[in-house]
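Asks:
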Amino acid sequence: MDESERLAYANGLLRYLNDSPTAYHAAKNGADMLRECGFTELKETKPWVLDKGGKYFMVKNQSAVIAFVLGEGNLAEEGFRIIGAHLDSPGLKIKPGACTVTPDGYVKVNVEIYGGAILSTWFDRPLALAGRLVVKKDGKLKEELVRIDKPLFIIPNLCIHLHRDVNDKGGYNKQAEILPLLSMRKDGMEKSDYLPELIWEETGIEKSDVIDYELFLYEYQKGILMGPNHEFISASRIDDLSMVYAGLSALTEAEQGKGCKAFAAFDHEEVGSVSAQGAHSGLLLHVLNRICKNLGMTDDAYFQAIGNSTSVSADLAHGVHPNYGDKHDPENRPVLGGGPVIKYSASQRYATTAFGAAYFMDACERAGVPFQRFVNRNDIPGGSTIGPALSGLTTIPTVDMGAPVLAMHSIREFGAVSDQVDTKMAFLAYFS
Ligand code: ZN
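Under the working numbering, the first residue of the sequence shown is numbered 179, with each subsequent residue one higher.
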């Protein structure tokens, strides 16, 4: 990629991040990208008719997407090449019983914490609202995406004069101290009316039509490129929508090839992946099985195809922090701008095997991009990701990798443009 192509890729990524405040929006925008590139949508509930050479995708629960390209070769012998990532991000989710009014007349939103958010970063920032509603229209249930992209809510910090040790002792009570402020009490309004009225004003959807909702708050301020040469990205949800964007870009650009190339973006990674649309489910395996059955393969040929497959679990990695350098292993120190990171864990919190690492290194080499390695310090357990579930359920060898970032799970994460570009190029090489 030359300089203008790199900038175009970074701006495309930013658009995807900014247009996708929730997993539902990220799935919809991903599906739109696939449709524009000639992929045909399959419905889980309808029969599939697949042709070799065809490009297909399906969406589950509006929050997971699996796309694949069928090559012309013998699938049993060529197998699947799969890249997986996740569409969800940590944040604040509105509870049932959405609003509460204090004796002083403040109307607050009743939220629960989704995943491992760094809560302090959600304070003093205008927040907007997005998610989905289930509405009843003409006697039928329908799911509708909503996004009210306005600065509507804020979680104000307590002033320092009433909290002198705030800079020495961090931490917030997760119930009492994180409820965002919406407005002041209005005469004649019940607390159950504030959220429906907001939705009605902004979308025209009547309170009586809304049966239930899954709504999240997100940072109103948009992500940007920054640094003296625009070499960095500062944005919400880089984890893991940047890997989703790289996977989708690589799948839509890759040559057809012989086997089956697939990209799977799951929901609920941030809360452990166990759900119907999470990586720790039968979802991907059902799709792989259905592809083989549809092509008329025997059970034996299906298991042969699984045996000939590999996968890449793409989720961000921790770059060495400029102010906390001692939090990393002394010998494995990935930095921003150093290329995609292969993640190792002897206790299998990352699924990487030497074989998995080797085929990813080979892809990096063929793409002409550098790679780095990450392994936790022995006294810091670190996190996990979709790799162990993906490889455990499918029995397909997996490498856990991701672009390095700082401030993972902050409302605003921070990474280098070059790592994003290099990751996409490595994915393209993996698929070819
Ligand atoms: Zn992640």
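Every residue gets a Cβ at the ideal spot worked out from N, C-alpha and C, and that includes glycine.
Hey, quick one: how far does the alpha helix (DSSP H) through I332 stretch, first residue to last?
Replies: That residue, I332, is in no alpha helix (DSSP H); it is neither H nor E in DSSP.
Asks: Let me check understanding here. Comparing Cα to Cα, which of Y480, V227, D197, G262 lies closest to A451?
Replies: Residue identity check: residue 451 is Ser in the sequence provided, not Ala. Considering only alpha carbons, the answer is G262.
Asks: L253: which of N467, T573, Y522, R555 sits nearest, CA to CA?
Replies: The shortest Cα separation from L253 among N467, T573, Y522, R555 belongs to N467.
Asks: For E290, verify whether its CB is less than 7 Å away from any heavy atom of ligand 1.
Replies: No, Cβ of E290 sits at least 7 Å from all heavy atoms of ligand 1.
Asks: So for I260, helix, strand or coil by DSSP?
Replies: I260 falls in the strand class under three-state DSSP.
Asks: Whole angstroms are fine: how far does the CA of C438 sit from the CA of A529?
Replies: If I take the Cα positions, the gap works out to 22 Å.
Asks: Please determine if the segment 336-343 and the segment 207-214 are in contact, where contact requires at least 3 C-beta pairs separated by less than 8 Å.
Replies: Contact between the segment 336-343 and the segment 207-214 is absent, because fewer than three Cβ pairs lie under 8 Å.
Asks: Quick one: is the Cβ of T563 within less than 7 Å of any heavy atom of ligand 1?
Replies: Checking every heavy atom of ligand 1 against the Cβ of T563, one is found closer than 7 Å.
Asks: Evaluate contact between the segment 482-501 and the segment 577-592, counting only Cβ atoms and requiring at least three cross-stretch pairs below 8 Å.
Replies: A contact exists between the segment 482-501 and the segment 577-592.
Asks: Does the distance from the CB of T218 to the CB of G232 come in under 8 Å?
Replies: Yes, the pair counts as a contact, with Cβ atoms nearer than the cut-off.
Asks: Within 7 Å: the Cβ of E447 and any heavy atom of ligand 1?
Replies: Because some heavy atom of ligand 1 lies under 7 Å away, the Cβ of E447 counts as near it: yes.
Asks: Specify which residues have a beta carbon nearer than 5 Å to any heavy atom of ligand 1, listing them in chain order.
Replies: Going along the chain, the residues that qualify are D417, D418, D493.
Asks: From L307 to K369, what distance separates their C-alpha atoms?
Replies: Roughly 18 Å between the two C-alpha positions.
Asks: Tell whether a beta-carbon distance below 8 Å holds between S241 and A188.
Replies: Result no, Cβ atoms of S241 and A188 do not sit closer than 8 Å.
Asks: State the DSSP-derived secondary structure class of K233, mapped to helix, strand or coil.
Replies: Three-state DSSP puts K233 in a strand.
Asks: Got a sec? Which residues, its chain only, sit under 7 Å from V243 by beta carbon, not counting five neighbours each side?
Replies: Answer for V243: A205, G208, A209, F235, V237, A443, listed in chain order.
Asks: In terms of residues, what are the limits of the beta strand (DSSP E) holding F301?
Replies: Element bounds for F301: n/a, residue is neither H nor E.
Asks: Less than 8 Å between the beta carbons of A594 and G515, yes or no?
Replies: Yes, these two residues count as a Cβ contact at 8 Å.
Asks: Could you name the residues that DSSP lists as bridge partners for I272?
Replies: In DSSP, I272 forms a bridge with V289.
Asks: Look at the alpha carbon of R555 and the alpha carbon of I411, and state the distance between them as a whole number of angstroms.
Replies: C-alpha separation (whole angstroms): 27 Å.
Asks: Starting from G593, trace the beta strand (DSSP E) both ways and give me its first and last residue.
Replies: Per DSSP, G593 belongs to the beta strand (DSSP E) from 591-594.
Asks: Any chance the CB of M586 is under 7 Å from a heavy atom of ligand 3?
Replies: Although ligand 3 was asked about, the structure shown includes only ligand 1 as ligands.
Asks: Counting only the same chain and skipping the five closest in sequence on each side, list residues whose C-beta sits under 7 Å from that of P624.
Replies: Residue 624 falls outside the range modelled here, since the chain spans only 179 to 610, and no answer is possible.
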